[in-house]
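Structure first, commentary second.
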Amino acid sequence: MTTPALLPLSGRRLPPLNLGASAFPHHRATLRLSEKFILLLILSAFITLCFGAFFFLPDSSKHKRFDLGLEDVLIPHVDTSKGGKNLAGFLIHGQGHDEHRHTGKEEERLRNKIRADHEKALEEAKEKLKKSRDEIQAEIQTEKNKVVQELKKKDSKPLPPVPLPNLIGINSGEPADPDIREKRNKVKEMMKHAWDNYRQYGWGHNELKPIARKGHSTNIFGNSQLGATIVDALDTLYIMGLHDEFREGQEWIDKNLDFGVNSEVSVFEVNIRFIGGLLAAYYLSGQEVFKIKAVQLAGKLLPAFNTPTGIPWAMVNLKSGVGRNWGWASAGSSILAEFGTLHMEFVHLSYLTGDPVYYNKVMHIRKLLQKMDRPNGLYPNYLNPRTGRWGQHHTSVGGLGDSFYEYLLKAWLMSDKMDTEARKMYDDAIEAIEKHLIRKSNGGLTFIGEWKNGHLERKMGHLTCFAGGMFALGADGSRDDKAGHYLQLGAEIAHTCHESYDRTTLKLGPEAFKFDGGVEAVAVRQNEKYYILRPEVIETYWYMWRFTHDPKYRQWGWEATQAIDKYCRVSGGFSGVKDVYSSSPTYDDVQQSFFLAETLKYLYLLFSNDDLLPLDNWVFNTEAHPLPVLHLANTTLSGNPAYR
């Protein structure tokens, strides 16, 4: 089976064609001269210039000369005619002021100095020409490195001190029940297996191929090795108490993570994985390097917002700042789940730096969306950044749409429930989704379909399964006293998604499943039968556990843990599988970075006490990176009336 072209690789959306960097080759026909020949040319020109200047120097007895001395162009004129000193006037040498010419003795001294400089330059040139090509190249590289280090020093300006929010529950959470503790330790062991193999076979690469035992990357990271797994896994390592591994990651980031590369990356992916991961690591550990790197990277993403509407491009070149959209997106559109999943991280960036630019960018997006008409109250997945018009009317709570709705709710939670504007947008959107997209199957399973050009497609994606947790998280504070209703809706979605797991051979869920005729919660098409270590179902189990403490959610989570360990574990890490209905599945040979960031973190939290990262104090971004609630007393945000 071949992996489908539109393979979703992470988080809350359906990413682009996996074309890779090779799909867009950059060819340059350049004529290269050897460094030695270039050096010879430069030295020859310099020596010729110096000798020419020396031999054609005008004679002081016949001509007024230009002063080549050490006193530069201007000298103070000292007037002692009246016994005082007048330093206000300046005389320019070589402008016909004979009374200020140097004596013959001074000229001879200058000639001797020039002669000595020439001889020194010739000796240096001879020494250079004695060196080998490799030695010359090494010297050139040393000089380049010095320049790079100087530029890095300029980029690493100290950030203003900011009071940290009240950080509660960043460690422990150990359960008293020995059975639950054993399950939690099993998840920790799986994390160690995934990390150790990445450390051995893929270190510095974005991801790992656990069977081939080498590094792996996709076009969302461009053509650069940015250590995505390291950044994504840091906070999971920290809360699990794997502090040696955390320090390994921190050291790599400090010495090797460089965003000044000529690489085109996904703005969305880099935001949720890198900025989110770095910010979470900073808040948990207090290590400044993470904050500094997050701010450096954020500055590289800002050029993506240079569009006629302020809706950012999907991709941006980290070096040139040039942006563009995915070729497959509707009519050159940007994607709702991508430009709508920046708010949490950008608000924290403004909080930590005192610079409102990040906050203003995401608030501009919000204001633009509020002004637009929405068909049936639904947000289409595509918006053209040039015209500000919707693309095709396709609405989804799965890929392409999902995390936009999630971030509306979480913007409200992260503001200590002060951002009522975000809460209203969330409530309005959920009402429209419930009216037009949520249905019950003939077998009684509640599912969320997709709206395509006026038609409801009765299919639900694995990505959509996060919504069960979202409904539960947003139940408290919902309008018309519907908290109980939304908690129940979350439970029904959790049940449906568990069925999609339970009805497979491997007890792992497919990428998408249908509700047509007699087929319910089962994948029909071959290219929808894969499981790539996704977290969304387990994420919903965890939220439902936190809000209900119904033991079935821990039981379902343990079933998934055992299935992953049995069917996805290989000696070199963990791999996705291509067919969850096959008793002998083939591997896709990719250990996704989100497996360490999300799947294993949610499982660990599921078997931990609620005092580990309590939801009153922490809000998780769409890559499961915990960011603290910004209480009103600590915020410096003033652009939104909700924050005043």
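According to UniProt numbering, the sequence shown is numbered sequentially starting from 1. Ideal Cβ positions, reconstructed from N, Cα and C, are used throughout, including at glycine.
Alpha-carbon spacing of residue i relative to residue j, whole angstroms
i	j	result
residue 645	Ala432	In this structure the chain extends from 1 to 644, so residue 645 is not present and cannot be described.
Leu600	Gln592	12 Å
Met425	Gly310	20 Å
Ile538	Asn271	23 Å
Pro175	Phe607	7 Å
Ser217	Phe574	16 Å
Ser285	Ser441	47 Å
Phe471	Asn621	16 Å
Gly518	Arg503	14 Å
Ser60	Leu129	In this predicted model, Ser60 has a pLDDT of only 40, less than 50, meaning its place in the structure is not dependable; the value taken from the coordinates is given anyway. Rounded to whole angstroms, Ser60 to Leu129 spans 38 Å at the Cα level.
His631	Leu167	11 Å
Ile42	Gly204	39 Å
Ala411	Gly388	23 Å
Met363	Ser224	31 Å
Gly509	Arg554	17 Å
Lys566	Glu511	19 Å
Ile170	Asn325	38 Å
Lys514	Val522	6 Å
Arg65	Leu110	Model confidence at Arg65 stands at a pLDDT of 34, short of 50, so the residue's coordinates are unreliable; what they give is reported in the following sentence. The alpha-carbon atoms of Arg65 and Leu110 are separated by roughly 13 Å.
Met544	Lys482	17 Å
Gly401	Ser334	11 Å
Ala475	Tyr359	27 Å
Ala314	Gly332	10 Å
Gly490	Gly484	10 Å
Met372	Asn527	36 Å
Leu445	Gln200	44 Å
Ala121	Arg115	10 Å
Reference residue i; option with closest CA among the options
i	options	result
Pro380	Ser415, Glu338, Asn223, Glu421	Glu338
Glu598	Ile136, Arg386, Gly202, Thr229	Thr229
Pro614	Asn384, Arg273, Gly173	Gly173
Gly576	Leu301, Ala304, Gly468, Leu208	Leu208
Asp616	Leu234, Lys417, Glu245	Lys417
Asn219	His193, Lys186, Glu269, Lys183	Glu269
Ala422	Glu434, Asp502, Leu409	Leu409
residue 651	Gly401, Met460, Tyr238	Residue 651 lies beyond the range of the chain shown here (1 to 644); nothing can be said about it.
Phe221	Phe259, Asp355, Gln370	Phe259
His393	Ala329, Lys507, Leu445	Ala329
Lys435	Trp451, Thr420, Gly443, Leu445	Trp451
Val590	Arg366, His485, Gly215	Gly215
Pro163	Thr353, Val357, Tyr501, Lys371	Thr353
Tyr604	Arg184, Lys120, Pro160, Glu143	Arg184
Pro356	Val295, Thr395, Arg374	Val295
Pro312	Phe274, Val289, Ile292, Tyr382	Tyr382
Ile370	Tyr486, Leu302, Asp428, Gly474	The sequence shown places Gln at residue 370, rather than the Ile named in the question. For Gln370, the nearest C-alpha among the options comes from Asp428.
Pro303	Tyr283, Lys361, Leu257	Lys361
Val187	Ile136, Glu107, Leu242, Glu139	Leu242
Asp254	Met240, Gly557, Asp235, Glu288	Glu288
Thr420	Thr464, Ser396, Gly477, Gly391	Gly477
Where the beta strand (DSSP E) containing residue i begins and where it ends
i	result
Asp315	Looking at the sequence provided, one finds Met at residue 315 rather than Asp. 315–317 is the extent of the beta strand (DSSP E) around Met315.
Thr446	446–448
Trp618	618–620
Gly215	214–216
Leu456	455–457
Ser266	264–266
Ile430	From DSSP, Ile430 is part of no beta strand (DSSP E) but of the alpha helix (DSSP H) over 420–436.
Opening and closing residue of the alpha helix (DSSP H) in which residue i lies
i	result
Ile586	At residue 586 the sequence reads Thr, which differs from the Ile that was named. That residue, Thr586, is in no alpha helix (DSSP H); it is neither H nor E in DSSP.
Glu245	243–256
Asp402	402–414
Ser500	483–502
Glu288	288–301
Ala512	Counting along the chain, Ala512 falls outside any alpha helix (DSSP H), though it belongs to the beta strand (DSSP E) covering 512–516.
Beta-carbon proximity of residue i to residue j, cut-off 9 Å
i	j	result
Asn306	Gly323	yes
Val267	Leu342	yes
Gly398	Met344	no
Val580	Tyr541	no
Pro628	Pro165	yes
Ile493	Ile448	yes
Tyr351	Ala281	no
residue 652	Glu623	Residue 652 cannot be examined here, being either before or after the span of the chain that is shown, 1 to 644.
Glu406	Phe466	yes
residue 660	Leu506	Because the chain spans 1 through 644 in this model, residue 660 falls outside it and cannot be assessed.
Leu456	Arg439	yes
* Asked: With contact counted as at least three CB pairs below 8 Å, one residue from each stretch, are the segment 309–327 and the segment 253–265 in contact?
  -> yes
* To do: Would you check if there are 3 or more beta carbon pairs closer than 8 Å linking the segment 191–198 to the segment 242–256?
  => Counting Cβ pairs under 8 Å, three or more are found: they touch.
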